[in-house]
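To keep things clear, I will list the structure first and then write my remarks on it.
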């Protein structure tokens, strides 16, 4: 693999923007969502679009206002995920270098800086393609489709046209990022991971990174589930949900998969070697000329190798992964809580 110099790598634009803020990425993401939704609220007042409406004996969010809130939250999460990922990589550098060779240490330092310039430009093109797709979807959703341009600009639709383009662009680029990072991780592990069968627990850093990557996409899944609460067309919501779940599973598997394969290869090679020694020592004993390690010790070593786990996941990580699976369910409770608060204070 050709190593990229530091000068050939740079962070994604939103990572750079997060770096300008003294706040942590999560708070920055909440602030981004809040600011965009504030723009929606101001715009909705200007065009006369209701935000809160009557619903039987109580009140509720207008369907457009709810969809705008969810889209703003999706944008906040999508623009925060790269910043969180980069921070995680930088914090994990010492543990990653401990299980990599010297060249791998240099490579992982470069990876922590961001993508190569070539892939940064490609990700921009993917973003633009996704944005165009978002505009086309917005045109399809426009209701009624026969309104004039003058009428169009007097509605809330232009806000959704811009946000759909942004969200679809970020989603397309997010998929590209996952695939690109998968290739880099696979090359890093295959070429530079140093497997020490006596200390496989050191590889658990990969399990923790995989868990954090899956967590980010599960949070995105939970936000997307909010779209089902109200007015968004089911095909779009369902497609977004499925893609987010696939991305979550893929982000997890693509990080630990190469590590598992590499460790399994080393373990299987050690098993093959010790079994050959057992055969040789057994033949020597039968011939009355014992040599090398006792057969009992070799058999004990073989048994230890057979039971050796190669998954870089500890019990606490497994428990946390199981708990993170409930994150999407929280979306339903969040929407119910919002309705209760809304009815309580109106």
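Numbering (my numbering), first residue to last: 970 to 1315.
C-beta atoms are modelled at their ideal positions from N, C-alpha and C, and glycine is treated no differently.
Reference residue i; option with closest CA among the options
| i | options | result |
| --- | --- | --- |
| residue 1243 | 1266, 1232 and 1223 | 1266 |
| residue 1032 | 1268, 1129 and 980 | 1129 |
| residue 1042 | 1078, 1005 and 1212 | 1005 |
| residue 1156 | 1062, 1211 and 1228 | 1228 |
| residue 1140 | 1175, 1118 and 1186 | 1186 |
| residue 1135 | 1121, 1104 and 1123 | 1104 |
| residue 1044 | 1071, 1123, 1245 and 998 | 998 |
| residue 1241 | 1263, 1221 and 1268 | 1268 |
| residue 1095 | 1127, 1131 and 1149 | 1149 |
| residue 1175 | 1208, 1211 and 1221 | 1221 |
| residue 1015 | 1191, 1127, 1108 and 1171 | 1127 |
Expected contact under 8 Å - CB spacing of residue i and residue j to nearest Å
| i | j | result |
| --- | --- | --- |
| residue 1013 | residue 1125 | 6 Å |
| residue 1178 | residue 1057 | 6 Å |
| residue 1282 | residue 1173 | 7 Å |
| residue 983 | residue 1048 | 4 Å |
Same chain, Cβ closer than 6 Å to residue i, five either side skipped, listed in chain order
| i | result |
| --- | --- |
| residue 1092 | 1142 and 1145 |
| residue 1189 | 1046 and 1213 |
| residue 988 | none |
| residue 1102 | 1137 |
| residue 986 | none |
| residue 1208 | none |
Pairwise C-alpha distance: residue j and residue i
| i | j | result |
| --- | --- | --- |
| residue 1065 | residue 1250 | 39 Å |
| residue 1088 | residue 1153 | 11 Å |
| residue 1226 | residue 1182 | 14 Å |
| residue 1138 | residue 1097 | 6 Å |
| residue 981 | residue 1084 | 8 Å |
| residue 1237 | residue 1034 | 58 Å |
| residue 1279 | residue 1216 | 24 Å |
| residue 1169 | residue 1060 | 20 Å |
| residue 968 | residue 1039 | Summary: the structure shown does not reach residue 968, with the chain confined to residues 970 through 1315, and so no result is reported for it. |
| residue 1271 | residue 1234 | 15 Å |
| residue 1223 | residue 1007 | 38 Å |
| residue 1017 | residue 1121 | 13 Å |
| residue 1069 | residue 1100 | 39 Å |
| residue 1050 | residue 1247 | 51 Å |
| residue 979 | residue 995 | 21 Å |
| residue 1000 | residue 1119 | 33 Å |
| residue 1245 | residue 1071 | 33 Å |
| residue 1180 | residue 1055 | 15 Å |
| residue 1109 | residue 1191 | 25 Å |
| residue 1131 | residue 1277 | 53 Å |
| residue 993 | residue 1090 | 27 Å |
| residue 1003 | residue 1117 | 31 Å |
Per DSSP, cross-strand counterpart(s) of residue i
| i | result |
| --- | --- |
| residue 1085 | 978 |
| residue 1162 | 1069 |
Cut-off 8 Å between Cβ atoms - residues of its own chain near residue i, not counting five sequence neighbours on either side
| i | result |
| --- | --- |
| residue 1219 | 1147 and 1151 |
| residue 1200 | Only weak support exists for where residue 1200 lies, its pLDDT of 49 falling under 50; the coordinates are left without a value. |
| residue 1171 | 1064, 1067, 1068 and 1165 |
| residue 1263 | 1250 |
| residue 1086 | 977, 978 and 979 |
Cutoff 7 Å; reference residue i; Cβ partners in own chain excluding five residues on either side
| i | result |
| --- | --- |
| residue 1019 | 1031 |
| residue 1231 | 1158, 1159, 1162 and 1164 |
| residue 1305 | With a pLDDT of 48 at residue 1305, under the threshold of 50, the predicted position of this residue should be treated as unreliable, and no value is reported. |
| residue 1239 | 1166 and 1274 |
| residue 1074 | 1066 |
| residue 1062 | 1077, 1078 and 1081 |
| residue 1010 | 1020 |
| residue 1123 | 1016 |
Below-8 Å beta-carbon distance, residue i vs any chain C residue
| i | result |
| --- | --- |
| residue 1235 | No chain C appears in this structure, which consists of one protein chain only. |
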